[in-house]
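Residue numbers (this note's numbering): 33 to 470. Glycine residues also receive a C-beta, built at the ideal position from the N, C-alpha and C atoms. Just so you know, these numbers come straight off a predicted model, no measurement behind them. Accompanying notes for the structure given below.
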Ligand code: FES
Ligand SMILES: [Fe+2]
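So, in structure tokens, the structure goes:
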């Protein structure tokens, strides 16, 4: 197969038409270029600090395909270390999680402390006197924002706060639900999809597909007494105001906004009272307007290139992904909880989270099938090589079930791949920025 050539996207503002060349979903050359020009130049999510609360706690995982150890050193500082032995390359840590002061490579026994320093080389006498024991390397940059730890493989990347642009104000809104700090619930979801990674980005911010792709989930909601008409009215917002698509800059976006109202009923009055008490605390500490935003605003936030933070009343999801090859991706998901809401409400949100986002839930398998179906459809080849992402382009303000958020992704993607600047969409959103932010 020949290397696909730009244009990868057609962004026709006059005709309100936006299309994506389907070669970018199937090409090995494109994936190699994405690694070099996107994954190696941007900030990538590694983990949440609550996953490793104590010194020497660790988690192993992959970041854009690179194995890392996400740990805390003796001083409690977060460290991200490449999980590859400087001796001959083996993974130094082969467990998913634990607490360990010293990581010993199983191959020849070289040992490293929690900051990556090499502390033991067996038979060191066999090496020259000047042999400096090499330690575990780290990505070029590691920074954290409100407990979310990111790494970049590029020294040149802008600082994380600048990179996050307007998204950081939404992270603030999310994090301010808790005074003690959001906590990742125990357990991790890991699953894979036979599809290109960019299809999952599109799907994770797609309000258009919900009713057609997920009938089983909605049937379950109706059976459990949820007022579906009210729920759909909150999702199908076309009235403007403070719901729709927020352009957060740098390819980041949020589809959602105020009063999402996708509430879960708390059957237990004590649990409901604990949630209400936390919301009252938020209102007192942040004032009525911002407090309402913290309590009631949310949605599907995408942080370019591969992080999703999704929060509604029925749970908070962290999702990230790794392309393995152009037609196969790995997904990792975690649930975040607000400790002040208490165990019972947390568990109920956990059940809602599982019912929708769990890999065996009532929605995610539908999405997996939809993405794999698209990937199979791409085999039709040159007769139908363009996908259409134009929905809402002719509107003054994009609705939650439009596709502006996907165009923001594709324009940033195209800018990094081709050097063509990602121009804002005329007539784009003028939604209010969260109040009280610097
Ligand atoms: S590869 Fe790790 S000690 Fe040899
Ligand atoms: Fe879906």
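query                                                                                                              : result
Environment of residue 133 [buried if 16+ CB atoms lie within 10 Å]                                                : exposed
Cβ neighbours of residue 385 in the same chain (closer than 6 Å, five flanking residues each side left out)        : 347, 367
Exposure label - residue 139; buried when at least 16 CB within 10 Å                                               : exposed
For residue 220, the nearest candidate out of 189, 389, 153 (CA to CA)                                             : 389
Length of the line joining the Cα atoms of residue 249 and residue 203                                             : 28 Å
Residue 278 beta carbon less than 9 Å from that of residue 180                                                     : no
Residue 247: first and last residue of the uninterrupted beta strand (DSSP E) it sits in                           : Per DSSP, residue 247 belongs to no beta strand (DSSP E); it is in the alpha helix (DSSP H), 247-255.
Complete runs of the beta strand (DSSP E) confined to the segment 187-241 [at least 3 residues]                    : 221-225
Paired residues, beta bridge with residue 334 - DSSP                                                               : 285, 340
Length at least 4, wholly inside the segment 103-127: the alpha helix (DSSP H) runs in chain order                 : none
Endpoints, the beta strand (DSSP E) within which residue 406 is located                                            : No beta strand (DSSP E) contains residue 406, which is instead part of the alpha helix (DSSP H) from 396-409.
Cβ pair count under 8 Å reaching 3, the segment 332-347 against the segment 68-77                                  : yes
The segment 357-372 touching the segment 225-232, judged by at least three CB pairs closer than 8 Å                : yes
Bridge partners - residue 418, DSSP secondary structure assignment                                                 : 53
According to DSSP, residues forming a beta bridge with residue 94                                                  : 99
Sequence-distant residues of the same chain with beta carbon closer than 8 Å to residue 94, five excluded per side : 100, 354, 362
Beta-carbon proximity list for residue 378, same chain, < 6 Å, skipping 5 on both sides                            : 369
9 Å Cβ cutoff met for residue 236 and residue 313                                                                  : no
The segment 103-119 contacting the segment 79-87, beta-carbon criterion three pairs below 8 Å                      : yes
6 Å Cβ shell around residue 212 - same chain, five flanking residues per side excluded                             : 371
Within 9 Å, strictly: CB atoms of residue 441 and residue 283                                                      : yes
Nearest-angstrom beta carbon gap, residue 327 and residue 288 [assumed within contact, 8 Å]                        : Actually they are not in contact, since the Cβ atoms of residue 288 and residue 327 sit about 14 Å apart, beyond 8 Å.
Under 9 Å between C-beta atoms of residue 122 and residue 147                                                      : no
Residue 471 beta carbon near ligand 2 (any heavy atom closer than 8 Å)                                             : With the chain covering only 33 through 470, there is no way to say anything about residue 471.
Closer than 7 Å to ligand 2: residues, by C-beta to nearest heavy atom, in chain order                             : 235, 238, 241, 242, 245, 246, 395, 398, 399
Under 9 Å between C-beta atoms of residue 425 and residue 239                                                      : no
Cβ separation of residue 113 and residue 170, assumed to be a contact under 8 Å, to the nearest whole Å            : 6 Å
CB of residue 478 within 9 Å of CB of residue 40, strictly                                                         : The displayed coordinates of the chain run from 33 to 470. Any statement about residue 478 would go beyond what the structure contains.
Residues sharing a beta bridge with residue 471, DSSP                                                              : Nothing can be reported for residue 471: it is not among the residues displayed for the chain, which extend from 33 to 470.
Heavy atom of ligand 1 within 8 Å of residue 119 beta-carbon                                                       : yes
Inter-residue CB distance, residue 300 and residue 376 (contact presumed, cutoff 8 Å)                              : 6 Å
Inter-residue spacing [alpha-carbon to alpha-carbon] between residue 309 and residue 201                           : 24 Å
Best match in 232, 54, 245 for proximity to residue 415 [C-alpha to C-alpha]                                       : 54
CA-to-CA distance, residue 317 to residue 471, given in whole angstroms                                            : Outside the displayed range of the chain (33 to 470) lies residue 471, so it cannot be described from this structure.
Which residues DSSP lists as bridging residue 129, in chain order                                                  : 91
Paired residues, beta bridge with residue 352 - DSSP                                                               : 339, 364
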